[in-house]
Amino acid sequence: MPTMRGLVQFIADLRNARARELEEKRVNKELANIRQKFKSASLDGYQKKKYVCKLLYVYIQGYDVDFGHLEAVNLISSNKFSEKQIGYLAVTLFLHEEHELLHLVVNSIRKDLLDNNELNNSLALHAVANVGSREMGEALSTDVHRLLISPTSKAFVKKKAALTLLRLYRKYPSIVQNTWAERIISLMDDPDMGVTLSVTSLVMALAQDRPEEYRGCYVKAAQRLKRVVVDTDIAPDYLYYRVPCPWLQVKLLRLLQYYPPSADSHVRDIIRESLQQIMQIAMDTPKNVQQNNAQNAVLFEAINLLIHLDTEHTLMMQISSRLGKYIQSRETNVRYLGLEAMAHFAARAETLDPIKKHQNIILGSLRDRDISVRRKGLDLIYSMCDSTNAAPIVNELMRYLQSADYAIREEMVLKVAILTEKYATDAQWYIDVTLKLLSLAGDHVSDEVWQRVIQIVTNNEELQAYAAQTLLTYLKSDCHESLVKIGCYVLGEFGHLVADNQGSSPIEQFLALQAKMMTSTDNTRAMILSSFVKFVNLFPEIKPQLLHIFHLYSHSPDPELQQRAFEYMSLATLPTDDLLRTVCDEMPPFSERASILLSRLHQRTAGTTEKKTWVVGGKDANTDGAEILMAQNTGLKRTFTTIVNGTRTGTNGTPSTSSASGDLAGLDLSASATPPPPPPNMASAANLSPEWEIGYNKLYFIEEGVLFEDAQIQVGLRSEFRGHLGVVKLYLSNKSSFPIGSLTTTVDNRSAPHLRIDSKSLPEPSVPAAGQTQQTLFFEAKGPFSDAPTIRISYLAGALQAYTLQFPILMHRYMEPSNLSAEDFFKRWRQIGGSPLEAQNTFGLVAKAGAINESFTRRIAEQFGWKLLDGVDPNRTNIVGCAVYHSAQGKTGCLLRLEPNYERKMYRVTIRATQEGVPQALARQMEERLSQGPLLERTYTREQPRGISPNEDLTGY
Amino acid sequence: MAINYLILLSRQGKVRLAKWFTTLLPKDKAKIIKDVTQLVLSRRTRMCNFLEYKDTKVVYRRYASLFFIAGCASTDNELITLEIVHRYVEQMDKYYGNVCELDIIYNFQKAYFILDELLLAGEMQESSKKNVLRCISQQDSLEDMEVSCRFLFFYSEHRHGGGSLSTRIWRSEASIPLPLHY
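Protein chains in written order, with this note's numbering: chain A, 80 to 1036; chain B, 478 to 659.
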């Protein structure tokens, strides 16, 4: 380890300084010295480096060293590595992304990025990853991207380039071009674990923002996870205390949560397999803290994924019993994480029953000695609350509130207020609990809470008298100011409803409020003054007392109070009380637009860039798109209608959140932004590779052969169809003399849901020279369809190679010839009748189609699966056929009449079938084929693709 | 899933190393350091390694005289962040040999270089100890070649005890190796 003597001595000096002043003295002396040295031209590189190091140390100690920035930054153009390295360290420590000196270094950084020396590349990448700005991104992102994908880049440069690109992407998303997706995803298969890990981080960020474009990463992540977890295909160096690269596992498990569960059963299988293995491994007793942490890190992420998938019920059962143990663990970390996972579970679960079993333990966690655990406990309690347990939970929270520490009180009050409002079963309970809450919570109440009470009382008629009466009782005692605020408002509005009650006469209401004026803040006093002017209107009998108060306050030193008093006095002493009555008319109900409570709650959690897969709160909070949106976006006030649903049951049956999404329209961020152009779907038919038709046409009617072939790769296909089911086996052969990597196939199905595609297996990502891998796919017909599915096949052979091919799979694969007598044919034909169960297309041949004749027409019709019925049609040139189309919905009888006109090179095809949609799709498919004429129908020798054994039986699937 | 900052803090509340992966104003950094220092120093043993701070999460662990503090998003995986910190300590231990706070003070630039090989843009870049060490050794041998005429000087504060430095520091906690196993 090389060291610099001068630097070490200097640090020792500073550490020896017994007092801060002595340290400062030593620092100032050194800074003066360095300033002097920098001015002299004779400094050599080593000395510059040493002085910059001293500056760095001084900077870390908290001193200002601005004068040396330029000198420090200049070091990066040194041709000695160690000096350059210190220069770059200075860039990352002294400068930030908007620092003006950065302009000066962009060119040096680019020079090092393009350098042949990888050490210099990595220094430059470090710099960009640390201080990269939008501007730097625009200047350097293509160079960084090149380092990432270039086949000549070393692994340790690639991984740095991936993370540098991530930094630039975070600063300025458009630097990542949308044509990069496939190439970036393919790097998740890199043989180097560091590259895989780094690229996965990059993909995670991209997939969150551009889920469609990065859809391919889902299968990749599932496969990679299985290789690491189940196959433990990993270098020993990447085992962390016997856990295979836990960092990668956690990232892959998280990435899988960014997408809805896969529809493909094979992908689901391999994910399940990995999850089972993770749960299994978690049972092992760890040998040390590190293994324990790594195992648990993976386990809790796996639990999050399971909750997200919501399909693995057996595994879910295991989890919920385990979580019950975790929240009682002696390890504080595990208690904390257990509560957190349970809150996630509560946010998604259909039923809260498994959680409610642990209600007492969870309530007990509010008394944990660690505030971090208490907070998690509170989150969970909030999430697990429903109408059945709201009352005991609210009671317990209020009991705990009195002893809770200040750091958590405000949040508790907010949560209790929301729960009380949400689950109130009767109006009085709501008033009692909320007012008690306010009196207990004291100063730890955000304004939203008391304002919300006023809104609710105003909007719910049956609450008003009870609220006025209860508040008056509070006002007569020693109560907190927030209650005074609610009290004065409610009495001002609804005081007259209780004026006839014992002890609630106008003068008594007045005296109660007046007594509070002494001790209240100016804000509250202003509110009380406003109530008093309303009293003038409601209770003319106490007008003299009220006027007296106005008179007093018209001398208030506070301008707001003074002005109000004056205005109210004038209003009250006008010759007629018309104006007074208008001004003091009962307030209209609040528009109930925003639940200020919920927006307040989510303000706390908003502002992170990470996509939240769930929010704290019950299932309804997580199914309500608006609330999730609010949690994801800072400052977005959400619309929300809540009525205390107690005494109103029946009269107002609207679910409390029903209007949320509708009202949100004006606020919805997605509505205001113009939708971005859809990302290119490379697997779609729009991107078919040149020469794709050769194999497609060749295999259109036959079951096995070569779908595609070039110098590097051969794609063989073997298929078998029975009824509505089909199995296709793809044989992907590497014809080149070098291995290929990251072989990826993506199927695009335009005919969903009428055609269902499922994979039974996926190809191996790497194929050795002259090797082969296979993929088995199921194609199930579910209805009429007319778009053949396509497949994208990509792999790395130095650069990325990719093809998009079309499967020769259309309805004819599911047709079965069926015999019919002439008599039956006509009977059925008439029974089925015309449109919509009939389709008729008349068409000519394409220009180059060549001549057609009867044998061609008959052959094509037969290959489509028709049983040709001779002698049915009186015109002998016409062809009549019958077939059954198999789909999952059942069999569809189909009848054909094909009228060729060989002279004019035209056909008229008429199809009738017992199910709508079938004749149209079939007629269209026949037209497509027939109109090409014999052009497509060259006699192909039935070549055997590599690796297909002729006797292989596919029906075993 | 990224670390926003990593701070190495002595038990006396002195910052030994600070790395920011997000751009913040100096005054915001100072505020975070002040708040987080206060929060972390007041934690007792046997409490969990996680803290909530505003809308972020703080993951920390104490190694002898030093607190390692990582700030991350509230949605991040806490334990895996904790093990990133541990891997960093192990990596330094492998490099310095029985790493202690003094190593990080006297060779702070190396501590930064090691961190650069481990974390980039706040994300784990390499989890293989061997690979990271190979990188750093390569850098060191280049430096050795470049300054071959200079002789090596060990800071004697803890390596050789006493020397020209006061015994007060020699006894300091800063020379206790950071424990790698609990």
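Note that the Cβ used here is the ideal one computed from N, Cα and C, for glycine as well.
{"query": "Touch test, the segment 550-558 of chain A against the segment 585-597 of chain A, Cβ-Cβ under 8 Å, three pairs minimum", "result": "yes"}
{"query": "Inter-residue spacing [alpha-carbon to alpha-carbon] between K118 of chain A and R225 of chain A", "result": "40 Å"}
{"query": "Chain A contact for A588 of chain B (CB, 7 Å cutoff)", "result": "no"}
{"query": "Cβ distance (whole Å) where L811 of chain A is taken to contact I773 of chain A below 8 Å", "result": "Their Cβ separation, rounded to whole angstroms, is 17 Å, which puts L811 of chain A and I773 of chain A out of contact at 8 Å."}
{"query": "Contact under 7 Å by Cβ, C464 of chain A with L498 of chain A", "result": "yes"}
{"query": "Near the ligand PLP: V368 of chain A beta-carbon under 6 Å from a heavy atom", "result": "Questions concerning the ligand PLP fall outside what the structure shown contains, since it holds no ligand whatsoever."}
{"query": "CB-CB length for I472 of chain A against I460 of chain A, believed under 8 Å", "result": "6 Å"}
{"query": "Straight-line Cα distance separating A234 of chain A from S605 of chain B", "result": "13 Å"}
{"query": "Closer than 7 Å at the beta carbon, the chain E residues around Y565 of chain B", "result": "The structure shown contains no chain E; the protein chains it does contain are A and B."}
{"query": "Cβ neighbours of K970 of chain A in the same chain (closer than 8 Å, five flanking residues each side left out)", "result": "V963 and Y964"}
{"query": "Beta-carbon gap between K128 of chain A and L122 of chain A smaller than 7 Å", "result": "no"}
{"query": "Nearest-angstrom Cα separation, counted from K534 of chain B out to P844 of chain A", "result": "38 Å"}
{"query": "E982 of chain A classed as buried or exposed, judged by whether at least 16 other C-beta atoms fall within 10 angstroms", "result": "exposed"}
{"query": "Residue-level contact to chain B via CB, D316 of chain A, 7 Å cutoff", "result": "yes"}
{"query": "Extent of the continuous beta strand (DSSP E) to which S873 of chain A belongs", "result": "T869 to A876"}
{"query": "Length of the line joining the Cα atoms of T558 of chain B and Y565 of chain B", "result": "11 Å"}
{"query": "Amino acids of chain A, ordered along the chain, whose beta-carbon sits closer than 7 Å to that of Y583 of chain B", "result": "V87 and I90"}
{"query": "Neighbour flag for L677 of chain A against chain B, beta carbons, 7 Å", "result": "no"}
{"query": "Under the three-state DSSP convention, the category W497 of chain B falls into", "result": "strand"}
{"query": "CB of L93 of chain A within 7 Å of CB of E102 of chain A, strictly", "result": "yes"}
{"query": "Within-7 Å CB hit, N200 of chain A to chain B", "result": "no"}
{"query": "Stretch pair the segment 154-170 of chain A + the segment 609-621 of chain B: three plus CB contacts closer than 8 Å", "result": "yes"}
{"query": "Length of the line joining the Cα atoms of I434 of chain A and L416 of chain A", "result": "15 Å"}
{"query": "Beta carbon proximity, Q602 of chain B to chain A, threshold 7 Å", "result": "yes"}
{"query": "Chain-ordered neighbours of R454 of chain A on chain B, where CB pairs are closer than 8 Å", "result": "E529"}
{"query": "N- and C-terminal bounds of the beta strand (DSSP E) containing Q854 of chain A", "result": "Q851 to A860"}
{"query": "Local conformation of G216 of chain A per DSSP, three classes", "result": "helix"}
{"query": "In DSSP terms, what C577 of chain B is bridged to", "result": "B:P654"}
{"query": "Neighbour flag for R246 of chain A against chain B, beta carbons, 7 Å", "result": "yes"}
{"query": "Backbone CA spacing between L519 of chain A and L476 of chain A [nearest angstrom]", "result": "11 Å"}
{"query": "Close Cβ partners of Y632 of chain A (< 8 Å) along its chain, the five nearest in sequence each way excluded", "result": "R604, L608, L640, Q641, R643 and A644"}
{"query": "Distance between L501 of chain B and N481 of chain B (C-alpha atoms, nearest Å)", "result": "10 Å"}
{"query": "Simplified DSSP state of H803 of chain A, which is helix, strand or coil", "result": "coil"}
{"query": "Rounded Cβ spacing between L219 of chain A and V236 of chain A (contact assumed at less than 8 Å)", "result": "Actually they do not touch by this definition, with Cβ atoms about 14 Å apart."}
{"query": "Neighbouring residues, chain A, relative to S514 of chain B (Cβ below 8 Å)", "result": "What sits at residue 514 of chain B in the sequence shown is Thr, not Ser. Going along chain A, no residue has its Cβ under 8 Å from T514 of chain B, so there is no contact; the nearest lies around 13 Å."}
{"query": "Proximity of L1014 of chain A and I990 of chain A at Cβ, strictly below 7 Å", "result": "no"}
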